[in-house]
Amino acid sequence: MALTIDEDSPCAAAKSLRQVYIRLVAGQAAATVSFSSGPSGVSRSATYHAANPERLLMVIRGFEQKCEALRGLKPARRAVATGGVR
72 MALTIDEDSP CAAAKSLRQV YIRLVAGQAA ATVSFSSGPS GVSRSATYHA ANPERLLMVI
132 RGFEQKCEAL RGLKPARRAV ATGGVR
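Numbering (this note's numbering), first residue to last: 72 to 157.
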């Protein structure tokens, strides 16, 4: 599976990558994603596979944060728990 992502459209990128992530965690082979950005069309690619879906999830969250910022939403906060209660 090959997918081309336009980094200038973070909402569409997050949606497309989320579909790839679901396929990967379901164990459906590797996926190659090509990114292009800016007027010069700088391209780069990455291959993700079921052994490391966390890396893809980090990329997805980055695009989701950019999408929220473009839409004027506050970024989602992720709490870090220490395990203790005061």
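Ideal Cβ placement from N, Cα and C applies to all residues, glycine included.
Since this is a predicted model, take the numbers as computed values, not measurements.
Closest residue to residue i among the options (Cα-Cα distance)
i, options, result
"V104", "G112, P110, G98 and V91", "V91"
"R89", "L128, T118 and F106", "L128"
Beta strand (DSSP E) segment containing residue i, residue limits
i, result
"A102", "A102 to S108"
"A117", "V113 to Y119"
Check whether residue i and residue j have beta carbons under 8 Å apart
i, j, result
"S108", "E78", "yes"
Rounded separation between residue i and residue j - CA only
i, j, result
"L95", "G143", "31 Å"
"K137", "A101", "26 Å"
"A140", "P124", "25 Å"
"I131", "A85", "5 Å"
"V113", "R126", "21 Å"
Where the alpha helix (DSSP H) through residue i begins and ends
i, result
"K86", "P81 to V96"
"Q136", "P124 to L141"
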